[in-house]
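What follows is a short report on a single structure.
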Amino acid sequence: MSGIPSNLARVPNMLATQTSLSGMTRTSINMLRVQEQLLTGRSLVRPSDDAVRTSIVLVLENRLAASEQRSRNMQHATALLNTLDQSLADARELATEAHSIASSQVGIGSDAATRANQAVVIDSILQQFVSTANRKYTNVHVFSGSATSKAPIEPFLGGYRYTGRGDGMRVDIGEALNIPVTLNGEDAFGALSARVKGAVDLDPRLTRDTLLSDVRGALGLGVNLGLLEIEIDDGVTPQTIAVDLAGSSSVDDVLSRIESAIRDADPGALNGAYPSADVAGQRLSFDIAAGYGIEFRGVGTASIARDLGIDGFTFTDADNVKAGADGDLDPRLTELTRMGDLDPVGGMSFGDIVFKNDSLSGTVTINADTTIAEFKALVEGLNLGIRIEIGADGRSLDAVNEVSGMRMAIEEGGGDVAAALGIRSFMGNTRLSDFNDGRGVEIAHGRLDPVSGLPDPARNVDFRVFLTDGSSFDVDLVPGDTADVATLLAKINSEAAAAGFGAVFTATLSTGSNGIVFEDTLGGPEAMRVQSLNGRAAEDLGLLEGEFTGGATATFAGSDRAKVRVNSIFTTLIDLRDALTSDDQLGITLAGEWMQEDTDRLVRARALVGARSTRIEAGIGREQDLRLLDERIRSELVDVDYTEAATRFSLLELTQQAGLSATARALSLTLLDFLR
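Residue numbering for the sequence shown follows my numbering, beginning at 117 and increasing consecutively.
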């Protein structure tokens, strides 16, 4: 006999039905979810299934997406480095071949015709080298540094100019692998520019328009803005005020705020009308009224007064500028600095500067109103492959030769403007070690008599100078005489004076074209000349190619041996080609020596690329390991366990069947069942 469940003893049929259906619905929903998991293979189908797991999975998926991108970047980086490696291998083969040709063309085993034929081969190697340097992978030029969209080597005026920039392109391959995947041309091919480094501190004057960011400050630490305390002493009742200089951007801002504060506190403290606070050279000045004294201090630990060079000093009508090094604000050179605001030790002059690159030349004229930016534009407008840069220290100008295969000279155009700017390529402080493309000057020194084995003074005399009356004197250089052009000239003049010609002979710098000039006032009929005795000093100084000009003051002008050459493999190949063409055995020998250095540089560059490739390959392995770990964790959180899900589905199915049976029995009861 069937019974009525105790929990349904006193409930309406509707409630009993709803309770049973609710239980079966929950079971059906759970079965549907398990079915969905079995169909999709995922235990986490939607975020609402498990918010905590979902947040973890989102983090993992972001990491995996980034890892996938880094892996693709690494594959691309590997391809770029492989292209670099092959290019450097090809370049080394070309350099080795060129070096072999240079070695074979020195000596009696070759003649002018053979060398001319080999010059054609070297020119072909040069063209192949340019093609190799411009090699690219997927439109990325591998030798362009960071500027990879453009071919790095371009023909220019018979030479080659490097247009790349930066040390190399970087891609996202992980924080631990912040390495370039392209190469700077300088690392592979040598210095692709050469410069005349400014030898003069141009010491620009301070102006009211000077930005505070362009001022080093009296302490050399910049200007730290803050509260400035001002003590105004009228001789009766001193008063102290404060002015906030925060937010000032220029010297004019600072001076205007200080002057306004002083005039507001005591209108009689400063002379005249605005501006009584001004600049004087590299310092601040204040036009103080008679009987007044004004002092400046930083409030608390503020260094503003020291930075402005006005602390620890009483400004009066007699002393309106603080003297001493701690009063100099030391402004930097900027693009907007006017030539008229430059204050080098030797003074500033204006006029023409002649720029030369091989046989090409151009003249730039500057005046007091010419700015540094305008000067740079004028030089670049000559289209000689020469540019002007502000030195890294912000104190001087540098002149840069960008063209391999061409030699730059900067000369005076009738005045001393280039020397005043410190960019003349042949000056008193030009080192003799920079002569002849960096080979220096070879002197005869320490030579011995082959018979006695003792020092032989006659074998150490370098050259002889013949004057216009036929007389002569010898010059014996020692290492101490070859530091720079100034020491060399002093030695030559000393030798002339010792020989009794001090009053009629002078060795000096040319006032126009670069070179050493001998001046002779003897008025004789002979032409001045120089004869080499021992060593190569006369030739290396350009004295064997001198040009004589007669007159009351006869001159002998040597050639310029201090031209600025770009020391790159392109220059070496051009020099070797030209030396072979002109049958210049010394030039061939020198080019062969430089080619060996260039070959060694290519080997070092290839080793650098190999080291980068090794690091990236190791990075690829690490990235794969990390990605596998993240994928395993994500799989544990997201993917379904089919065995567990199938078992759970069977249990839910059994539960559903039991629920259906129980509900059917419960709902089949009628009034008759209670009347039995």
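Ideal Cβ positions, reconstructed from N, Cα and C, are used throughout, including at glycine.
>> Our contact map puts Ala393 next to Leu371 with C-beta atoms below 8 Å; I'd like the distance itself, whole angstroms only.
In response: The beta-carbon separation of Ala393 and Leu371, rounded to 4 Å, stays under the 8 Å limit for a contact.
>> Whole angstroms are fine: how far does the CA of Gln773 sit from the CA of Met130?
In response: Pairing Met130 with Gln773, the inter-Cα distance amounts to about 21 Å.
> Quick one: what does DSSP say Phe634 is sitting in, helix, strand or coil?
Replying inline: Residue state for Phe634 is assigned as strand, using DSSP reduced to three classes.
> In the DSSP assignment, what residue or residues form a beta bridge with Thr665?
Replying inline: Thr665 pairs with Thr671.
> What residue does the alpha helix (DSSP H) around Phe402 start on, and which one ends it?
Replying inline: Counted as a single uninterrupted DSSP element, the stretch harbouring Phe402 is not any alpha helix (DSSP H) but the beta strand (DSSP E) occupying residues 399-402.
> What are the start and end residues of the alpha helix (DSSP H) that includes Ile749?
Replying inline: Per DSSP, Ile749 is one residue of the alpha helix (DSSP H) stretching across 701-754.
>> For Gly407, which residues in the same chain have their Cβ closer than 6 Å to its Cβ, ignoring the five residues on either side in sequence?
In response: Excluding residues within five positions, the ones whose Cβ falls inside 6 Å are Gly351.
> Across which residues does DSSP place Gln355 in a beta bridge pair?
Replying inline: Gln355 pairs with Ile348.
> Rounded to the nearest angstrom, how far is the Cβ of Arg722 from that of Asp201, given a contact under 8 Å?
Replying inline: Yes, they are in contact, since the Cβ atoms of Arg722 and Asp201 sit about 6 Å apart, within 8 Å.
>> Assuming Asp201 is part of the alpha helix (DSSP H), what are its boundary residues?
In response: That run of the alpha helix (DSSP H) goes 167-220.
> Would you say Leu197 and Arg575 are within 8 Å of each other, going by their C-beta atoms?
Replying inline: Not closer than 8 Å, so no.
>> Tell me whether Glu642, by its Cβ, gets closer than 7 Å to a heavy atom of the ligand SAM.
In response: This structure lacks the ligand SAM; in fact it carries no ligand of any kind.
> How would you call Ile374, buried or exposed, if buried means at least 16 neighbouring beta carbons within 10 angstroms?
Replying inline: Classification of Ile374: buried, given that the 10 Å Cβ count is 16 or more.
>> Which same chain residues end up closer than 7 Å to Ile793 when comparing Cβ atoms and leaving out the 5 residues on each side of it in sequence?
In response: Any question about residue 793 goes unanswered here, given that the chain covers just 117 to 792.
> What residues are listed by DSSP as bridge partners for Val437?
Replying inline: In the DSSP assignment, Val437 is bridged to Ser401.
>> Among Tyr278, Asp459, Gly651, Leu724, whose alpha-carbon lies nearest the alpha-carbon of Asn683?
In response: When the alpha-carbon of Asn683 is set against those of Tyr278, Asp459, Gly651, Leu724, the nearest one is in Tyr278.
> Is Tyr758 helix, strand or coil by DSSP?
Replying inline: Three-state DSSP puts Tyr758 in a helix.
>> Under DSSP, the alpha helix (DSSP H) around Asp394 begins and ends at which residues?
In response: No alpha helix (DSSP H) holds Asp394; the beta strand (DSSP E) holding it covers 393-396.
> Is Glu302 helix, strand or coil when you go by DSSP?
Replying inline: DSSP, read as helix, strand or coil, puts Glu302 in helix.
> What separation, rounded to the nearest whole angstrom, lies between the Cα atoms of Leu337 and Val331?
Replying inline: Distance between the alpha carbons of Leu337 and Val331 is about 9 Å.
>> Rounded to the nearest angstrom, what separates Asp572 and Leu564 at their Cα positions?
In response: Near 5 Å, if we compare the C-alpha coordinates of Leu564 and Asp572.
> Does DSSP put Met524 in a helix, a strand or coil?
Replying inline: In the structure shown, Met524 sits in a strand (DSSP, three-state: E or B).
> By Cβ distance below 7 Å, which residues in the same chain neighbour Ala211 in space, the five residues on each side in sequence not counted?
Replying inline: Ile685, Met711, Asp714, Thr715, Leu718.
> So what does Asn473 bridge to, in DSSP terms?
Replying inline: According to DSSP, residue pairing for Asn473 in a beta bridge involves Leu476, Met524.
> Of the residues Arg580, Pro595, Asp597, Asp368, which one's Cα is nearest the Cα of Phe589?
Replying inline: Of the candidates Arg580, Pro595, Asp597, Asp368, the one whose C-alpha sits nearest the C-alpha of Phe589 is Arg580.
> Quick one, are the C-beta atoms of Val367 and Ile346 less than 8 Å apart?
Replying inline: Cβ atoms of Val367 and Ile346: not closer than 8 Å.
>> Can you check which of these residues, Ile632, Asp550, Phe582, is closest to Ala606 by C-alpha distance?
In response: Nearest C-alpha to Ala606: Ile632.
>> For Asn552, count the other beta carbons within 10 Å of its own beta carbon; 16 or more makes it buried, fewer makes it exposed. Which is it?
In response: The residue is buried, with at least 16 neighbouring Cβ atoms inside 10 Å.
> Under a three-way DSSP split, which group does Lys313 fall into?
Replying inline: Looking at Lys313 - three-state DSSP - the assignment turns out to be coil, as it is neither helix nor strand.
> Roughly how many whole angstroms lie between the Cα atoms of Asp636 and Asp468?
Replying inline: Answer to the nearest angstrom: the Cα atoms are 28 Å apart.
> So what does DSSP say about Asp444, is it helix, strand or coil?
Replying inline: Residue state, collapsed to three classes: coil.
> Just how far apart, CA to CA, sit Met117 and Leu767?
Replying inline: Reliability fails at Met117, whose pLDDT of 39 lies under 50, so the model's placement of it is uncertain and the value that follows must be treated cautiously. A direct Cα-Cα distance of roughly 30 Å separates Met117 from Leu767.
> According to DSSP, is Val331 helix, strand or coil?
Replying inline: Looking at Val331 - three-state DSSP - the assignment turns out to be strand.
> Taking just the CA atoms, how far does Pro641 sit from Thr584?
Replying inline: Answer to the nearest angstrom: the Cα atoms are 6 Å apart.
>> In this structure, how does DSSP classify Phe542 when only helix, strand and coil are distinguished?
In response: Coil, per DSSP.
> Given 8 Å as the limit, is there contact between the segment 280-297 and the segment 403-419, that is, 3 or more CB pairs closer than that?
Replying inline: Verdict: no, contact absent.
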